[in-house]
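Q: Here you go, one structure.
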Amino acid sequence: MSSKKIKVVLTVFCFILLTGCKKTEVDYPIVEVEPVAVDNIEIYGDYVGLIRASRSVEIHARVEGFLERMTFNEGKEVRAGEALFYINNKPYKARVEKAKAQLKRDEAQELKAESDLARIEPLYNQNAASRLDLDNAVAALNMSKADVAMSKADLEQAELELSYTVVRSPLSGYISERYVDIGTLVGNSKSLLATVVKRDTVLVDFKLTSLDYLRSQRRNVHLGEQDSTRSWQPTVVVTLADNTIYNEKGIVDFASPQVDPKTGTFGVRAVLPNPNQVLLPGQFTRVKLLLDVLENAVVVPRKAISIEKGGAFIFVVRPDSIVEKRYIETGPEQNNKIVVTRGLTTDEKIVVEGYQKLAHGQKVIARSEEEEKNIEEQEIANEQKEEAKK
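This is the structure in structure tokens:
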């Protein structure tokens, strides 16, 4: 055999040897791994809630009369004590003047009775007047004093009714449209003028299932009370009309003491700050109620879990780079993280990418997300260098 043929054979042999070595290395699939994480997971219940004002007051006329004018802008904010409506006050002014005149008359009668008694007493002491005369004078004075007291009360009542001709807002808030027109005779119990609602704080009412109530009680959560064993309270998060989360959390301040036998639920109420009046009374919303916090729970990304007929499983990478197909028991989910209640420990690593064709007992090349990123960056840098050489 010539030396030329020997060189060709050696070249082919080396190529086959190198190709075989490279193929052996590629046979191990590359997978992305993460260490098993520990986190505090919040457990929420989802319900339908109804927003209502923390205070809503109906404005009624307290005296009868014709409505003369209105001094507010419908739908706008009003202050406590602000004048809203004016009722014709002429009859009530007349009653005040009449009560004042009656009081003066009774006070004059009282002065006369005092003078009469002052004259009778010396005469009685001198036996110049009878006992009957003295008793009549004393009685007349007492009756005059009673008349004065009654007249003062009548005057106070008349002045009070006069003040009621100006209908004022009982609280600060937002006022509705007017329900009556100017010139209407108001004053009976059915004459509703307007409504004022307080919206800087709102209430949300919703129904809690008896199952969630039982679960919260078993975890020592007492709705409306500070939890005795934890540092958190059962808070409420509501969703706005555009499906965004409202940025203020509410606190449950009331829970019904009994379950509705027709629905199997009981009423719960939460208080929410509403400084910008984003939440409107009468609005329906989705309510999420914090029922529990699982502290130091084992969690894995949702994408790492597969499900088959036998249950949920995950691939665990052992220290010798062998993967193990591990069946697990799962719990609640939060932010694409699923709680694993059984089957994993915190010192293990799991496959999160590239597990689709893995088999139990297979050897792999395990890389973290950061390692994968570094390798990709290095490959890009090498390609750029090769391009630069050309």
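For the sequence shown, the UniProt record's numbering begins at 1 and goes up steadily by one.
Think of the CB as a built atom: it goes at the ideal place given N, C-alpha and C, for glycine as much as any other residue.
Hey, Thr345 and Thr330 are a contact pair by Cβ (cut 8 Å); roughly how many whole angstroms apart?
A: Here residue 345 is taken as the residue at index 345 of the sequence shown, counted from 1. Here residue 330 is taken as the residue at index 330 of the sequence shown, counted from 1. At roughly 15 Å, the Cβ-Cβ gap does not stay under 8 Å, so Thr345 and Thr330 are not in contact.
Q: Pull up the CB-CB distance for Phe266 and Lys207, whole angstroms please, since I reckon it's below 8 Å.
A: Mapped onto the sequence shown, residue 266 falls at position 266. Mapped onto the sequence shown, residue 207 falls at position 207. 7 Å between Cβ atoms; contact.
Q: Is it buried or exposed for Ser231, if we count other Cβ within 10 angstroms and need 16 for buried?
A: As a position in the sequence shown, residue 231 is number 231, starting the count at 1. Annotation note: pLDDT 46 at Ser231 (below 50); position unreliable, no value reported.
Q: Thr195: which of Ser176, Leu185 and Asp181 sits nearest, CA to CA?
A: Here residue 195 refers to the residue found at position 195 when the sequence shown is read from its first residue. Of the candidates Ser176, Leu185 and Asp181, the one whose C-alpha sits nearest the C-alpha of Thr195 is Ser176.
Q: Among Thr184, Val268 and Arg55, whose alpha-carbon lies nearest the alpha-carbon of Gly49?
A: Sequence index remark: in the sequence shown, residue 49 carries index 49 (1-based). Residue Val268 is the option with its Cα nearest to Gly49.
Q: Work out the CA separation of Leu171 and Arg79 for me, nearest whole Å.
A: For the purposes of this step, residue 79 is taken as the residue at position 79 of the sequence shown. For the purposes of this step, residue 171 is taken as the residue at position 171 of the sequence shown. Each residue's alpha carbon lies about 6 Å from the other.
Q: Bridge partners for Phe85 per DSSP, in chain order?
A: As a working mapping, residue 85 is identified with position 85 in the sequence shown. BP columns for Phe85 point to Met70 and Val167.
Q: I need the straight-line Cα distance from Thr24 to Arg302, nearest angstrom please.
A: By 1-based counting over the sequence shown, the position of residue 24 is 24. By 1-based counting over the sequence shown, the position of residue 302 is 302. With a pLDDT of only 45 at Thr24, under 50, the local geometry of the prediction cannot be trusted, and the value read off the model is given with reservation. Their backbone Cα atoms lie some 32 Å apart in a straight line.
Q: In the DSSP assignment, the beta strand (DSSP E) including Glu353 goes from what residue to what residue?
A: To locate residue 353, count along the sequence shown from 1; it is residue 353. From DSSP, the beta strand (DSSP E) with Glu353 extends over Lys349 to Glu353.
Q: Buried or exposed: which applies to Ile338, given that a residue is buried once 16 or more other Cβ atoms fall within 10 Å of its Cβ?
A: Here the question's residue 338 lines up with position 338 in the sequence shown. Buried.
Q: So the candidates are Gly45, Glu161 and Ile41; which of them puts its Cα closest to the Cα of Asp212?
A: Along the sequence shown, one-based indexing puts residue 212 at 212. Of the candidates Gly45, Glu161 and Ile41, the one whose C-alpha sits nearest the C-alpha of Asp212 is Gly45.
Q: Return the CA-CA distance between Gly375 and Ser368, expressed in angstroms with no decimal places.
A: In the sequence shown, residue 375 corresponds to position 375, counting from 1. In the sequence shown, residue 368 corresponds to position 368, counting from 1. Strictly speaking, residue 375 in this sequence is Ile, with Gly absent from that position. Cα to Cα, the separation comes out at about 11 Å.
Q: If you follow the alpha helix (DSSP H) that Ala113 is part of, which residue opens it and which one closes it?
A: Residue 113 sits at position 113 when you count from the first residue of the sequence shown. Residues Lys90 to Asn125.
Q: Give the DSSP-derived three-state secondary structure of Glu25 in the structure shown.
A: Taking the sequence shown and counting its residues from 1, the one referred to as residue 25 is at position 25. Confidence is the limiting factor: at Glu25 the pLDDT is only 48, short of 50, which leaves the residue's position unreliable and the question unanswerable from this model.
Q: For Val96, collect the residues of the same chain with a Cβ closer than 8 Å to its Cβ; drop the 5 residues on either side in sequence, then sort them by chain order.
A: Your numbering for residue 96 matches position 96 in the sequence shown. Cβ neighbours of Val96 beyond the five flanking positions: Leu155, Ala158, Glu159 and Leu162.
Q: Shortest alpha-carbon distance to Ala153 belongs to which of Val36, Ala99 and Tyr164?
A: If you number the sequence shown from 1, residue 153 lands on position 153. Ranking the options by Cα distance to Ala153, first place goes to Ala99.
Q: Kindly confirm or deny that the segment 266-285 and the segment 248-257 touch, where touching means at least three C-beta pairs closer than 8 Å.
A: At 8 Å Cβ cutoff, the stretches touch.
Q: Count the C-beta pairs between the segment 35-45 and the segment 179-199 that are closer than 8 Å, then say yes if the count reaches three, no if not.
A: Contact between the segment 35-45 and the segment 179-199 is absent, because fewer than three Cβ pairs lie under 8 Å.
Q: Report the rounded CA-to-CA distance for Gly183 versus Arg69, giving the unit in angstroms.
A: Translated into the one-based positions of the sequence shown, residue 183 becomes position 183. Translated into the one-based positions of the sequence shown, residue 69 becomes position 69. So the two alpha carbons sit approximately 8 Å from each other.
Q: If you draw a straight line from the alpha carbon of Ala83 to that of Arg52, how long is it in whole angstroms?
A: In the sequence shown, counting from the first residue as 1, residue 83 sits at position 83. In the sequence shown, counting from the first residue as 1, residue 52 sits at position 52. Rounded to the nearest angstrom, the two C-alpha atoms are 25 Å apart.
Q: According to the neighbour-count rule (16 or more other Cβ atoms, all chains shown, within 10 Å of its Cβ), is Thr165 buried or exposed?
A: Stepping through the sequence shown from its first residue, residue 165 is reached at position 165. Answer is buried; the Cβ neighbour count reaches 16.
Q: With burial defined as no fewer than 16 other Cβ atoms inside 10 Å of the residue's Cβ, what is the status of Leu380: buried or exposed?
A: By one-based count along the sequence shown, residue 380 stands at place 380. A small correction: the amino acid at residue 380 is Ile; Leu does not occupy that position in the sequence shown. So Ile380 counts as exposed.
Q: Which residues in the same chain have their Cβ closer than 8 Å to the Cβ of Leu103, if we skip the five residues on either side of it in sequence?
A: Residue 103 sits at position 103 when you count from the first residue of the sequence shown. Cβ within range, chain order: Val148, Ser151, Lys152, Asp154 and Leu155.
Q: Given a threshold of 16 other Cβ atoms within 10 Å of its Cβ, counted over all protein chains shown, does Pro234 qualify as buried or as exposed?
A: Taking the first residue of the sequence shown as position 1, residue 234 is located at position 234. Label assigned to Pro234: buried.
Q: Buried or exposed, going by whether 16 or more other CB atoms sit within 10 Å of the CB of Ser115?
A: If you number the sequence shown from 1, residue 115 lands on position 115. Exposed, by the Cβ-count rule.
Q: Under three-state DSSP, which class holds Asp154?
A: Position 154 of the sequence shown holds residue 154. Here Asp154 sits in helix by DSSP.
Q: Smallest Cα separation from Ala297: which of Phe315, Pro332 and Asp253?
A: For this step, residue 297 is matched to residue 297 along the sequence shown. It is Pro332.
Q: Using the three-state DSSP reduction, which class does Ala61 fall into: helix, strand or coil?
A: On the sequence shown, position 61 is the one that residue 61 refers to. Ala61: coil per DSSP, three-state reduction.
Q: Are Ala113 and Ser144 touching if we call contact CB-CB under 8 Å?
A: Working through the sequence shown from its first residue, we reach residue 113 at position 113. Working through the sequence shown from its first residue, we reach residue 144 at position 144. It is a contact, given that the beta carbons lie within the stated cut-off.
Q: So, for Gln283: in the same chain, excluding its five sequence neighbours on each side, which residues have a beta-carbon less than 7 Å away from its beta-carbon?
A: Position 283 of the sequence shown, counting from 1, holds the residue named residue 283. Once the five neighbours on either side are set aside, the close Cβ partners of Gln283 are Ile51.
Q: What residue range does the beta strand (DSSP E) around Arg199 cover?
A: Walking along the sequence shown from the start, residue 199 turns up at place 199. It spans Leu192 to Thr209 - the beta strand (DSSP E) in which Arg199 sits, taken as one unbroken run.
Q: Considering only residues of the same chain and omitting the five flanking positions on each side of Asn88, which have a CB-CB separation below 6 Å?
A: The residue you call residue 88 lines up with position 88 of the sequence shown. So the list reads Gly65, Phe66 and Glu68, once near-sequence residues are dropped.
Q: Quick one: what does DSSP say Ser256 is sitting in, helix, strand or coil?
A: On the sequence shown, residue 256 is found 256 positions in, with the first residue counted as 1. Residue state, collapsed to three classes: coil.
Q: How far does the beta strand (DSSP E) with Arg286 in it extend, from its first residue to its last?
A: Position 286 of the sequence shown, counted from the start, is the residue given in the question as residue 286. Per DSSP, Arg286 belongs to the beta strand (DSSP E) from Phe284 to Pro301.
Q: Using 8 Å as the threshold, is the C-beta distance between Gly354 and Glu32 below it?
A: To locate residue 354, count along the sequence shown from 1; it is residue 354. To locate residue 32, count along the sequence shown from 1; it is residue 32. Yes; because the gap between Cβ atoms is below 8 Å, this pair is in contact.
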